[in-house]
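Novice:
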Amino acid sequence: MIFFARSYVADFDARLGKYFDALADAGLSCHFIGWNKDGSADAEDGRQTLFPLRAKLGGGWRNGLALVRWNLFLFRQLWRARRELQIVHAIDLDSAFCSWLFCAIARKRLIFDIYDKYSAVRNISGMTGRLLDCMETRIAKSADLTLIVSEERYVQHGLSATQANVLVLENVPGEFASRQPFHEPGRPWRIGYFGVLEPRNRGLEDLLDVCRGRDDVELHVAGYGGLEQAFSEAAAGFPSNVRFYGAVSSADGLALMAGMDVVVGMYYLTVPNHLYASPNKYYEHLMLGRGMLTTAGTPPGAKVANQGSGWAISEGASAIADWLNGLDKVQISEAARNARRIWQGKYSSYYAEHYKGEYVRRIGKLLGSKN
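Residue numbers (the UniProt record's numbering): 1 to 371.
Spelled out as structure tokens, the structure:
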């Protein structure tokens, strides 16, 4: 059996969902161990075990003691299951270190899945940051399989493209059954965001400030995180043009975005890791056939600008306002056509070939090899 470990819940993690589906299609069983930080996860069942301690999302060092307790909980759960598990698939360093120790002691196989460089996404610098980077790279090099989300991450993680244990798995979704045909756009423009409501670094406060009260925009937002209250209050104060749906599943969030004219995924460079951003939203806008608003100077910004599948703008509210003031239905329709064309030509079979294909093949090899 494969045990997954992540310091969040699985409900809103599209990448985890793809692993679960690919393994289920291959007849392989798995179990998830996660941290229910805000109490939003579904109740425990036979498929998952949740650490119930409440902690602030994005709390940084304030969550230090809670993080220690999470690792103790994780190790204890893995140890209890040591006779039935063969592989631990650990996501990011805050679950991988404990999993690495467990696998070394119990002689199990380790998959290290690096969603983000731990120190970069948390702005940890100095000696502590260097120590975390060293630890992360060591685990990545020694794991039986290390997964990264883009070719650009080899350099960021200090890895070589020739390392046989490293596999690039981009954040490409599977085909989405609820995709809607593109409609003729018209005012008010339907602008959508689905994901983590992170303060400061994703431009969401700026987006809300610009959009609320405008009669030419409907802003539709679904997600969870630090800005939930801000969006909830805005939706109550401006019900005609701000709609907030709260935390929803990946399928429901994508269904919502399928009805938009433009989807949003901005990555402000206040977070160094955004220089290497390879977000779900980039691939989702292609699959949905909707133009994407993102940030200039980032990988998704360069891609949408080169492909004509969206708009890459500067950071800040004034840049968003300028973009909205110049938006028209010709731009929206052209971006949508280009997005769908790129999806069909490059990514429509990616999930089948790489998740259900190469990832499952690697799992099979690890299950078949002797410890």
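Beta carbons: idealized from backbone N, C-alpha and C, even for Gly.
Under three-state DSSP, which class holds Tyr154?
Specialist: Position 154 of the sequence shown holds residue 154. In the structure shown, Tyr154 sits in a helix (DSSP, three-state: H, G or I).
Novice: For Trp311, which of helix, strand or coil comes out of DSSP?
Specialist: By 1-based counting over the sequence shown, the position of residue 311 is 311. Of the three classes helix, strand and coil, the one that applies to Trp311 here is strand, per DSSP.
Novice: Near Tyr224, what residues of its chain come up, given a Cβ to Cβ distance below 8 Å and the 5 sequence neighbours on each side ignored?
Specialist: Position 224 of the sequence shown, counted from the first residue, corresponds to residue 224. Excluding sequence neighbours, Tyr224 sits near Phe12, Asp38, Ser40, Leu57, Val196, Leu197, Gly246, Ala247.
Novice: Please state whether DSSP places Tyr351 in a helix, a strand or coil.
Specialist: For the purposes of this step, residue 351 is identified with residue 351 of the sequence shown, where counting begins at 1. Helix at Tyr351.
Novice: So, at 8 Å on beta carbons, what are the nonlocal neighbours of Asp116 in its own chain, with the 5 sequence-adjacent residues on each side left out?
Specialist: Position 116 of the sequence shown, counted from the start, is the residue given in the question as residue 116. These residues qualify, in order along the chain: Asp92, Asn273.
Novice: Within 10 angstroms of its Cβ, does Asn71 collect 16 or more other Cβ (buried), or is it exposed?
Specialist: Residue numbering aside, residue 71 sits at position 71 when the sequence shown is read from its first letter. By the 10 Å Cβ count, Asn71 comes out buried.
Novice: Quick check: Val172 and Tyr283, are their CB atoms within less than 7 Å of each other?
Specialist: Position 172 of the sequence shown holds residue 172. Position 283 of the sequence shown holds residue 283. Taking 7 Å as the Cβ cut-off, Val172 and Tyr283 qualify as a contacting pair.
Novice: Take Ser139 and list the residues in its own chain whose beta-carbon comes closer than 6 Å to its own, dropping the five residues that flank it on each side.
Specialist: Position 139 of the sequence shown holds residue 139. Reading off the sequence shown, one finds Ile at residue 139, where the question assumed Ser. Here the set comprises Ala96, Trp100, Phe112.
Novice: What would DSSP say about Arg212, mapped onto helix, strand or coil?
Specialist: In the sequence shown, counting from the first residue as 1, residue 212 sits at position 212. Arg212 falls in the coil class under three-state DSSP.
Novice: Can Arg337 and Leu145 be called in contact, C-beta distance under 7 Å?
Specialist: To locate residue 337, count along the sequence shown from 1; it is residue 337. To locate residue 145, count along the sequence shown from 1; it is residue 145. Their beta carbons are not under 7 Å apart, which means Arg337 does not touch Leu145 by this criterion.
Novice: Whether or not the region 207-224 and the region 152-164 are in contact is what I'm after, with contact meaning three or more pairs of Cβ atoms, one per stretch, closer than 8 Å; do they touch?
Specialist: Touching, no, given that fewer than three Cβ pairs across the two stretches are closer than 8 Å.
Novice: Using the C-alpha atoms, what's the distance from Ala255 back to Leu147?
Specialist: Counting from one through the sequence shown, the residue named residue 147 turns up at place 147. Counting from one through the sequence shown, the residue named residue 255 turns up at place 255. Going by the C-alpha atoms only, they are around 28 Å apart.
Novice: In this structure, how does DSSP classify Ile139 when only helix, strand and coil are distinguished?
Specialist: Residue numbering aside, residue 139 sits at position 139 when the sequence shown is read from its first letter. Note: Ile139 maps to helix in three-state DSSP.
Novice: Quick check: Ala305 and Ala312, are their CB atoms within less than 7 Å of each other?
Specialist: One-based indexing of the sequence shown puts residue 305 at position 305. One-based indexing of the sequence shown puts residue 312 at position 312. The answer is yes: Cβ separation under 7 Å.
Novice: Since I believe Phe3 is in contact with Ala81 (beta carbons under 8 Å), could you give me their beta-carbon distance rounded to a whole number of angstroms?
Specialist: Within the sequence shown, numbered from 1, the residue matching residue 81 stands at position 81. Within the sequence shown, numbered from 1, the residue matching residue 3 stands at position 3. Sure, about 6 Å apart at Cβ, within 8 Å.
Novice: Can you tell me the Cα-Cα spacing of Met135 and Arg76, whole angstroms?
Specialist: In the sequence shown, the residue the question calls residue 135 occupies position 135. In the sequence shown, the residue the question calls residue 76 occupies position 76. Roughly 22 Å separates the two Cα atoms.
Novice: Which residue from Leu288, Gly308, Thr298 puts its Cα closest to that of Ser314?
Specialist: Here residue 314 is taken as the residue at index 314 of the sequence shown, counted from 1. Of Leu288, Gly308, Thr298, the residue nearest in Cα terms is Thr298.
Novice: For Asn241, count the other beta carbons within 10 Å of its own beta carbon; 16 or more makes it buried, fewer makes it exposed. Which is it?
Specialist: Position 241 of the sequence shown holds residue 241. Per the 10 Å Cβ criterion, buried.
Novice: Pull up the distance between the alpha-carbon of Lys365 and that of Ile87, whole angstroms please.
Specialist: Counting from 1 along the sequence shown, the entry for residue 365 is found at position 365. Counting from 1 along the sequence shown, the entry for residue 87 is found at position 87. If you take the alpha carbons of Lys365 and Ile87, they lie about 11 Å apart.
Novice: Three-state secondary structure (DSSP) at Gln163?
Specialist: For the purposes of this step, residue 163 is identified with residue 163 of the sequence shown, where counting begins at 1. Note: Gln163 maps to coil in three-state DSSP.
Novice: Would you mind sorting Trp189 into buried or exposed? The rule is 16 or more other CB atoms within 10 Å of its CB.
Specialist: As a working note, residue 189 is residue 189 in the sequence shown. So Trp189 counts as buried.
Novice: Would you kindly check if the distance between the Cβ of Ser250 and the Cβ of Ala14 is under 7 Å?
Specialist: Indexing the sequence shown from 1 puts residue 14 at position 14. Indexing the sequence shown from 1 puts residue 250 at position 250. Yes.
Novice: For Phe238, name the three-state secondary structure that DSSP assigns.
Specialist: The residue labelled residue 238 in the question sits at position 238 within the sequence shown. Of the three classes helix, strand and coil, the one that applies to Phe238 here is coil, per DSSP.
Novice: How would you call Gln48, buried or exposed, if buried means at least 16 neighbouring beta carbons within 10 angstroms?
Specialist: Sequence index remark: in the sequence shown, residue 48 carries index 48 (1-based). Counting Cβ neighbours within 10 Å, Gln48 comes out buried, since at least 16 surround it.
Novice: Out of Glu353, Gly291, Leu367, which one is the CA nearest neighbour of Ala22?
Specialist: Within the sequence shown, the letter at position 22 stands for residue 22. Per the Cα distances, Glu353.
Novice: Indicate the three-state DSSP secondary structure (helix, strand or coil) for Arg6 in the structure shown.
Specialist: The residue given as residue 6 occupies position 6 in the sequence shown. Three-state result, Arg6: strand.
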